[in-house]
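Heads up: take any position in the sequence shown, counting from 1, add 79, and you land on my numbering.
The C-beta atom is built at its ideal place from N, Cα and C for all residues, glycine as well.
On a predicted model such as this, the values are computed, not experimentally measured, just so you know.
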Amino acid sequence: MVGRVVKIISNQFEVLYENEAIKCVAMGKIRLQKQIVVGDFVEFEKFDSQYGIQKILPRTNEMIRPMIANVDQAMIIMSAVEPDFSCQLIDRLCILVNHANIKPIIVVTKLDKCDKDLVRVNRYIDDYRKSGYKIICATKGVKNLELIELFKDKITVLTGQSGAGKSTLINTYNTDFEIHTQPISKALGRGKHTTRHTQLFKVCDGYVADTPGFSSLDFEFMNVTEVEAAVSDFNGHRDNCKFRDCKHHNEPNCAIKEGVEAKTVSKIRYINYIDVLKIVMNKKEKY
Ligand SMILES: Nc1nc2c(ncn2[C@@H]2O[C@H](COP(=O)(O)OP(=O)(O)O)[C@@H](O)[C@H]2O)c(=O)[nH]1
Ligand SMILES: [Mg+2]
Ligand SMILES: [Zn+2]
């Protein structure tokens, strides 16, 4: 039998098989190999009175923080206000998500709270849409059909800064339970209610991991080539640069820089890319 691990409590694994959650243990030989993580597809069998996991199937991707495998998509949760909307953070998270071989979806929350900044935030949203990103607006307590459809049959990781509305989003779509949300003042400080362990919540026929997800620290593990490859805005343009390994920085005849001038490549995304490029290049000089 093949099922998917949706919960781990010490050495007991909950495996979803034909809509039923089956409690399993790891069989002897598998414990010596890879660690089983949430999201893993596993082969399991019944032995006497209990079920045992015998094999982990190959993973399509894996995240370290949180420990989770076979993630179908990552939702980058960004609030319009409190904390302020930040293209820089969205673009950094997109680079990390793309690099992990996971599809990014941007979800903008708290537009209802945003009055004087609404025009500015909407301009950014249009810019993402024009650049081919999936970007969805979500309001606390209001269900959005597009999001319901996206959650279906998938494992979704939520990422974004504290206070952006990750727990609120889950609570909006899952009425079975209440996940702890916190007042903004506490969320911004390092409160002790910060989500730490990996757990998947059933949300609209899919599973969602409510965890801090990616962080800028993850750039430690990326090189310049990988950063460039993770900017989806450059797809369809980078092959026209004069140099095959063009970093679109100081090189002449660069199709990306020409695209920014001609407004076929987003200038915002280009600037944010150069910032990350500099972080990664400086890191290299240190060693
Ligand atoms: N007005 C409004 N408030 C929201 C919205 N989404 C989240 N909030 C509030 O923002 C605060 C932080 O939300 P929370 O879900 O705990 O953020 P998390 O740290 O990302 O999990 C809470 O007080 C929520 O009630 C929204 O769409 N509109
Ligand atoms: Mg939360
Ligand atoms: Zn170039």
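Nonlocal neighbours in the same chain, by C-beta distance under 8 Å from Ile398, ignoring five residues either side
Lying before the first or after the last residue shown, residue 398 is absent from the chain, which here runs from 80 to 366.
Can you tell me which of the three DSSP states Val104 falls into?
If DSSP states are grouped into helix, strand and coil, Val104 belongs with the strands.
Closest by CA to Asn223, which one among Leu190, Tyr252, Val200 and Lys233?
Closest by alpha carbon: Tyr252.
Measure from the alpha carbon of Cys193 to the alpha carbon of each residue in Leu356, Glu161 and Tyr349, then state which is nearest.
Answer by Cα proximity: Glu161.
Tell me whether Phe126 sits in a helix, a strand or coil according to DSSP, three-state version.
Strand.
On the criterion of 16 or more Cβ atoms from any shown chain inside 10 Å, does Cys320 qualify as buried, or is it exposed?
It counts as buried.
For Ala334, name the three-state secondary structure that DSSP assigns.
Looking at Ala334 - three-state DSSP - the assignment turns out to be helix.
Can you check whether the CB of Val104 is closer than 7 Å to the CB of Tyr147?
Tyr is not the amino acid found at residue 147; the sequence shown has Ile there. At the C-beta level, Ile147 and Val104 stay beyond 7 Å of one another.
Under 8 Å by Cβ, that's how I've got Lys86 and Leu279 pegged, so tell me the actual separation to the nearest angstrom.
Confirmed, about 7 Å.
Measure the beta-carbon distance from Ala217 to Thr235 and round it to whole angstroms, keeping in mind my assumption that it falls under 8 Å.
Actually they do not touch by this definition, with Cβ atoms about 13 Å apart.
So what does Met154 bridge to, in DSSP terms?
DSSP output for Met154 lists Ile184 and Leu237 as bridge partner(s).
Which of helix, strand or coil DSSP assigns to Thr218
DSSP places Thr218 in strand when its eight states are reduced to three.
With DSSP collapsed to three states, give me the class of Met360.
In the structure shown, Met360 sits in a helix (DSSP, three-state: H, G or I).
Could you tell me the alpha carbon to alpha carbon distance between Ala227 and Gly220, rounded to whole angstroms?
According to the sequence provided, residue 227 is Ile. The question's Ala does not apply to it. So the alpha carbons of these two residues sit roughly 13 Å apart.
If we ignore side chains and look at the alpha-carbon of each, how far apart do Lys108 and Arg202 end up?
Lys108 and Arg202: Cα-Cα distance of roughly 55 Å.
Quick check on the DSSP output: the alpha helix (DSSP H) that includes Leu111 runs from which residue to which?
Counting along the chain, Leu111 falls outside any alpha helix (DSSP H), and DSSP gives it neither H nor E.
With a threshold of 6 Å (Cβ to nearest heavy atom), would Ala153 be considered close to ligand 1?
Because no heavy atom of ligand 1 lies under 6 Å away, the Cβ of Ala153 does not count as near it: no.
According to the Cβ coordinates, are Ile335 and His316 closer than 7 Å?
Ile335 places its beta carbon less than 7 Å from that of His316.
Spatial neighbours of Thr139 in its chain, beta-carbon cut-off 6 Å, leaving aside the 5 residues before and after:
These residues qualify, in order along the chain: Asn149.
Straight-line CA distance for Leu356 to Glu122?
If you take the alpha carbons of Leu356 and Glu122, they lie about 42 Å apart.
Per DSSP, Lys86 is paired with what?
Answer is Glu93.
Kindly give me the distance between the Cβ atoms of Glu124 and Met157, rounded to whole angstroms, as I take these residues to be in contact under 8 Å.
The pair is not a contact, with the Cβ atoms about 44 Å apart (cut-off 8 Å).
Considering only their Cβ atoms, is the gap separating Phe300 from Ile358 smaller than 7 Å?
No, these two residues do not count as a Cβ contact at 7 Å.
State the beta-bridge partners of Ile132 as determined by DSSP.
Looking at the DSSP output, Ile132 sits in a beta bridge with Ala105 and Phe123.
Cβ of Lys245 within 6 Å of any heavy atom in ligand 5?
Absence of ligand 5 is noted for the structure shown, with ligand 1, ligand 2 and ligand 3 being the only ligands found.
C-alpha gap between Glu97 and Lys245, whole angstroms:
Taking the straight line from one Cα to the other gives about 28 Å.
What distance in whole Å lies between the Cβ atoms of Val282 and Phe230, which are believed to be in contact at a cut-off of 8 Å?
That pair is a contact at about 5 Å.
Between the Cα of Val306 and those of Asp191, Arg208, Asp196 and Asn180, spot the shortest distance and give me the residue it belongs to.
The shortest Cα separation from Val306 among Asp191, Arg208, Asp196 and Asn180 belongs to Asn180.
Can you list, in chain order, the residues of its chain whose CB lies under 8 Å from that of Leu267, leaving out five sequence neighbours each side?
Since pLDDT at Leu267 reaches only 44, below the 50 mark, its modelled position is unreliable, and the value read off the structure follows with that caveat. Correct list, in chain order: Pro162, Ser241 and Gly242.
May I have the straight-line CA-CA distance separating Ala100 from Phe92, to the nearest angstrom?
Whole-angstrom Cα-Cα distance: 10 Å.
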